[in-house]
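Engineer: For the sequence shown, the numbering used here begins at 1 and goes up steadily by one. Every residue gets a Cβ at the ideal spot worked out from N, C-alpha and C, and that includes glycine.
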Amino acid sequence: MPTPRKRLTDNLIAALKPAPPGTRSETRDDLVSGLSVRVSEKGKKTFVLVARFPGSQNPTRRAIGEYPAMSLHTAREEAKNWLLLLKRGIDPREETERAKTEQARKRANTFCSVVEDYLKDIPTRQRNRHAGQDEREIRREILDPKRNKWLSKPIVDVTDADIAELIGSIRDRPAPGMAYNVWGHIKAIFAWAMWPERRQGYGLINNPTQHLQPKHFKLSKSVSVRVLTDEEIKAYWKAADATPYPLGPFYKLLMLTGQRKSEVSDAQWPEFDLAGRKLWTVPEERFKSGQSHIIPLSPDALSTIETLERFAGDDAGDFLFSTTKGQKPINGFSRAKAALDKAMLEILRTDNPTATLPDWVFHDVRRTVRTRLSGLRVNADIAELIIGHGKTGLRRVYDHYEFEPEMRDALERWGAALKLLVDPPSDNNVVKFSKETA
Numbered sequence: 001m002p003t004p005r006k007r008l009t010d011n012l013i014a015a016l017k018p019a020p021p022g023t024r025s026e027t028r029d030d031l032v033s034g035l036s037v038r039v040s041e042k043g044k045k046t047f048v049l050v051a052r053f054p055g056s057q058n059p060t061r062r063a064i065g066e067y068p069a070m071s072l073h074t075a076r077e078e079a080k081n082w083l084l085l086l087k088r089g090i091d092p093r094e095e096t097e098r099a100k101t102e103q104a105r106k107r108a109n110t111f112c113s114v115v116e117d118y119l120k121d122i123p124t125r126q127r128n129r130h131a132g133q134d135e136r137e138i139r140r141e142i143l144d145p146k147r148n149k150w151l152s153k154p155i156v157d158v159t160d161a162d163i164a165e166l167i168g169s170i171r172d173r174p175a176p177g178m179a180y181n182v183w184g185h186i187k188a189i190f191a192w193a194m195w196p197e198r199r200q201g202y203g204l205i206n207n208p209t210q211h212l213q214p215k216h217f218k219l220s221k222s223v224s225v226r227v228l229t230d231e232e233i234k235a236y237w238k239a240a241d242a243t244p245y246p247l248g249p250f251y252k253l254l255m256l257t258g259q260r261k262s263e264v265s266d267a268q269w270p271e272f273d274l275a276g277r278k279l280w281t282v283p284e285e286r287f288k289s290g291q292s293h294i295i296p297l298s299p300d301a302l303s304t305i306e307t308l309e310r311f312a313g314d315d316a317g318d319f320l321f322s323t324t325k326g327q328k329p330i331n332g333f334s335r336a337k338a339a340l341d342k343a344m345l346e347i348l349r350t351d352n353p354t355a356t357l358p359d360w361v362f363h364d365v366r367r368t369v370r371t372r373l374s375g376l377r378v379n380a381d382i383a384e385l386i387i388g389h390g391k392t393g394l395r396r397v398y399d400h401y402e403f404e405p406e407m408r409d410a411l412e413r414w415g416a417a418l419k420l421l422v423d424p425p426s427d428n429n430v431v432k433f434s435k436e437t438a
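1) Distance check for MET255 and ALA383, CA to CA, integer angstroms please.
2) Spatial neighbours of LEU151 within its chain, please: CB distance less than 7 Å, with the 5 preceding and 5 following residues excluded, ordered by chain position.
3) Please classify TYR67: does DSSP put it in a helix, a strand, or coil?
4) Nearest-angstrom Cα distance between GLU95 and ILE330?
5) For ALA239, count the other beta carbons within 10 Å of its own beta carbon; 16 or more makes it buried, fewer makes it exposed. Which is it?
6) Can you pull the DSSP bridge partners for ASP29?
7) Could you tell me if GLN259 is buried or exposed, where buried requires 16 or more neighbouring beta carbons within 10 angstroms of its beta carbon?
8) State the DSSP-derived secondary structure class of PRO174, mapped to helix, strand or coil.
9) If we count the other Cβ atoms within 10 Å of its Cβ and call it buried at 16 or more, is ASP157 buried or exposed?
10) Taking just the CA atoms, how far does LYS261 sit from LYS288?
11) Could you check whether the stretch 201-209 touches the stretch 312-330, counting it as contact only if at least three pairs of C-beta atoms, one from each stretch, sit closer than 8 Å?
12) For SER36, which of helix, strand or coil comes out of DSSP?
13) Alpha carbons only, please: which of SER426, HIS389, ARG367 is nearest the one belonging to ARG226?
14) Along the chain, where does the beta strand (DSSP E) that runs through THR371 open and close?
15) Give the secondary structure of ILE387 by DSSP, where H, G and I count as helix, E and B as strand, and everything else as coil.
16) Which same chain residues, not among the five before or five after THR440, have their C-beta less than 8 Å away from its C-beta?
17) Quick test of your reading: LEU83 and GLY22, contact by CB under 8 Å. State the CB separation rounded to the nearest angstrom.
18) Where does ARG286 sit, in a helix, a strand or coil, going by DSSP?
19) One question on the structure: do PHE217 and GLY177 come within less than 8 Å of each other, judged by their Cβ atoms?
20) Given a threshold of 16 other Cβ atoms within 10 Å of its Cβ, counted over all protein chains shown, does PRO265 qualify as buried or as exposed?
21) For the stretch 86-93 and the stretch 45-62, state whether three or more C-beta atom pairs, one from each stretch, are separated by less than 8 Å.
22) Would you mind sorting PHE433 into buried or exposed? The rule is 16 or more other CB atoms within 10 Å of its CB.
23) Output needed for VAL397: all residues of its chain with C-beta closer than 8 Å, excluding positions within five of it in sequence on either side, in chain order.
24) Around the C-beta of THR46, are 16 or more other C-beta atoms found within 10 angstroms, so that it is buried, or is it exposed?
25) How far does the alpha helix (DSSP H) with ALA416 in it reach, from first residue to last?
26) If you count every other CB in all the chains shown that lies within 10 Å of the CB of LYS87, and 16 or more means buried, which is it?
27) Could you pull the start and end residues of the beta strand (DSSP E) that PRO154 belongs to?
28) Just checking my contact of VAL369 with ILE387 at CB under 8 Å: how many whole Å lie between their CB atoms?
29) Thinking C-beta only, is TYR180 closer than 8 Å to LEU212?
30) From the DSSP output, in three-state form, read off VAL48 for me.
31) Just verifying my parser: in three-state terms, what is the DSSP assignment at LEU279?
32) Rounded to the nearest angstrom, what separates LYS120 and THR307 at their Cα positions?
33) Rounded to the nearest angstrom, what separates ALA19 and ALA99 at their Cα positions?
34) Can you give the beta carbon distance from VAL361 to TRP237, rounded, assuming they're within the 8 Å contact cut?
35) Please name the residue, chosen from GLN133, SER36, VAL282, THR27, that lies closest to HIS293 on a Cα-to-Cα basis.
36) Between SER374 and ALA380, what straight-line distance do the alpha-carbon atoms span, to the nearest angstrom?
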């Protein structure tokens, strides 16, 4: 016999007695159609929904949850959701399983795991000359849980606000150039993940980078014209002299060769021919143009490298500048640059207490070398080749002469000029000539 409908309340449910032995009692709710609370002979109370479920011609009962683990309010909301699904011809049990599967997929496809997939795919990119540098920046700036608080979020839950927070924190270190690079990496990661064959597997619907632009992070791709002055170069060199391995000699080789920061920091011993041609060859996979690049070594560059101790042992790697026995190249340049700035400013203020050091970045060392080469009247084409701005157009196709002698002459002249600037001869070493003429 059907039980009367009642407005279920917590007090009413708590007062329900166990059903007689061998039976179950049921009290229907008059607020949500089909919702009842069922009581067993042992007093177990269960919310059930009576409805016509897919696959059944007649109304049947399905348990929603046990009381009091499930509250009355939750049971009513769940019953309403089930009724809406049934109106659309969807079985609530199947929908629950689908939701569980989706949640499991979300937990599996964290932002971190998707980025790891992206890194595995990097070697297959058509344009791949920055692969090594890209991976290092991504691992250092994006995959470090100390820097990225949302690393373990499901990728579908990553928001534009999350991205803005990370990039803003890098910008405010301050490292605006790296913030710009990281923005490019994150944009590329989401574009890759949104490809049709991937986004369904990752559960992605929207791309949170779609409407973001550098201006939202107060970033701009500005063209720097900063070059170091004579006094700044002297302070830089003196600070490098006072800085121990690996950073001190790294700073010197930057200034002596004019190469990019990553090309010097990631240099490896097999790239150098110190005894024969006295040449450094950056392999194509490490060089921006995608072609190998030669740098003749001036005497000072050669001696800087020869003072380095090559790591030995089974666990030793080939990187020249390393804190891990050559297994990994140096990193953490933001902290190193801040220390270098402080040292340079102290040196500058030794002679001039009011001296200042305008902002500069490591790439400005490269620009400084290029500018000094022009000052030494080095042919513009040779100067461009030295810093890796290679031949273009038909010259790149047909002219395979490497200009090694010309580049060597230019770098030796630059090395001599640099030495004269940072370590000028004392008065005792200068031969004074009489003003009389023959």
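Structural biologist: Once the coordinates are examined:
1) Here residue 383 is taken as the residue at index 383 of the sequence shown, counted from 1. Here residue 255 is taken as the residue at index 255 of the sequence shown, counted from 1. Roughly 14 Å separates the two Cα atoms.
2) In the sequence shown, the residue the question calls residue 151 occupies position 151. These residues qualify, in order along the chain: PHE111, CYS112, LEU143, PRO145.
3) Walking along the sequence shown from the start, residue 67 turns up at place 67. In the structure shown, TYR67 sits in a strand (DSSP, three-state: E or B).
4) In the sequence shown, residue 95 corresponds to position 95, counting from 1. In the sequence shown, residue 330 corresponds to position 330, counting from 1. Rounded to the nearest angstrom, the two C-alpha atoms are 51 Å apart.
5) Mapped onto the sequence shown, residue 239 falls at position 239. Label assigned to ALA239: buried.
6) Taking the sequence shown and counting its residues from 1, the one referred to as residue 29 is at position 29. DSSP, once it has assigned bridges, lists LYS6 as partnering ASP29.
7) Along the sequence shown, one-based indexing puts residue 259 at 259. GLN259 is buried by the Cβ-count criterion.
8) As a working note, residue 174 is residue 174 in the sequence shown. Looking at PRO174 - three-state DSSP - the assignment turns out to be coil, as it is neither helix nor strand.
9) As a position in the sequence shown, residue 157 is number 157, starting the count at 1. Counting Cβ neighbours within 10 Å, ASP157 comes out exposed, since fewer than 16 surround it.
10) The count along the sequence shown starts at 1 and reaches residue 288 at position 288. The count along the sequence shown starts at 1 and reaches residue 261 at position 261. Whole-angstrom Cα-Cα distance: 12 Å.
11) Between the stretch 201-209 and the stretch 312-330 there are fewer than three C-beta pairs closer than 8 Å, too few to call the two in contact.
12) As a position in the sequence shown, residue 36 is number 36, starting the count at 1. It is a strand residue.
13) Working through the sequence shown from its first residue, we reach residue 226 at position 226. For the residues SER426, HIS389, ARG367, the minimum Cα distance to ARG226 belongs to ARG367.
14) Taking the first residue of the sequence shown as position 1, residue 371 is located at position 371. Segment 363-375 is the alpha helix (DSSP H) holding THR371; no beta strand (DSSP E) there.
15) The sequence position of residue 387 within the sequence shown is 387, counting from 1. Looking at ILE387 - three-state DSSP - the assignment turns out to be coil, as it is neither helix nor strand.
16) In the structure as shown, the chain begins at 1 and stops at 438. Residue 440 is therefore absent and cannot be evaluated.
17) Here the question's residue 83 lines up with position 83 in the sequence shown. Here the question's residue 22 lines up with position 22 in the sequence shown. Not a contact, Cβ separation roughly 31 Å.
18) Stepping through the sequence shown from its first residue, residue 286 is reached at position 286. Looking at ARG286 - three-state DSSP - the assignment turns out to be helix.
19) Locating residue 217 in the sequence shown gives position 217, counting from the first residue. Locating residue 177 in the sequence shown gives position 177, counting from the first residue. Note that the C-beta distance between PHE217 and GLY177 is not below 8 Å.
20) On the sequence shown, position 265 is the one that residue 265 refers to. Residue 265 is actually Ser in this sequence, not Pro. Result: buried.
21) yes
22) Counting from 1 along the sequence shown, the entry for residue 433 is found at position 433. Confidence at PHE433 is low in this model, with a pLDDT of 43, below 50, so the placement of that residue is unreliable and no value is reported for it.
23) Working through the sequence shown from its first residue, we reach residue 397 at position 397. Residue placement at VAL397 is poorly supported in this model, since its pLDDT is 47, which falls under 50; the coordinates still yield a value, given next. Excluding sequence neighbours, VAL397 sits near nothing in its chain.
24) Position 46 of the sequence shown, counted from the start, is the residue given in the question as residue 46. Buried, because 16 or more other Cβ atoms sit within 10 Å of the Cβ of THR46.
25) The residue labelled residue 416 in the question sits at position 416 within the sequence shown. Here the alpha helix (DSSP H) through ALA416 covers 404-422.
26) For the purposes of this step, residue 87 is taken as the residue at position 87 of the sequence shown. Flag for LYS87 reads exposed.
27) Indexing the sequence shown from 1 puts residue 154 at position 154. From DSSP, PRO154 is part of no beta strand (DSSP E); its letter is neither H nor E.
28) Sequence index remark: in the sequence shown, residue 369 carries index 369 (1-based). Sequence index remark: in the sequence shown, residue 387 carries index 387 (1-based). So it is a contact: roughly 7 Å between Cβ atoms.
29) Along the sequence shown, one-based indexing puts residue 212 at 212. Along the sequence shown, one-based indexing puts residue 180 at 180. No. Outside cutoff.
30) As a first step, residue 48 must be located in the sequence shown, where it is residue number 48. Looking at VAL48 - three-state DSSP - the assignment turns out to be strand.
31) Here residue 279 corresponds to residue number 279 of the sequence shown, with the count starting at 1. Strand, per DSSP.
32) By one-based count along the sequence shown, residue 120 stands at place 120. By one-based count along the sequence shown, residue 307 stands at place 307. When rounded, the distance between both Cα atoms is 37 Å.
33) Counted from its first residue, the sequence shown places residue 19 at position 19. Counted from its first residue, the sequence shown places residue 99 at position 99. Going by the C-alpha atoms only, they are around 35 Å apart.
34) Counting from 1 along the sequence shown, the entry for residue 361 is found at position 361. Counting from 1 along the sequence shown, the entry for residue 237 is found at position 237. Between TRP237 and VAL361 the Cβ distance is about 18 Å, and since that is not below 8 Å, they are no contact.
35) Translated into the one-based positions of the sequence shown, residue 293 becomes position 293. Distance from the Cα of HIS293 is smallest, within the candidate group GLN133, SER36, VAL282, THR27, for VAL282.
36) Position 374 of the sequence shown, counted from the first residue, corresponds to residue 374. Position 380 of the sequence shown, counted from the first residue, corresponds to residue 380. Near 7 Å, if we compare the C-alpha coordinates of ALA380 and SER374.
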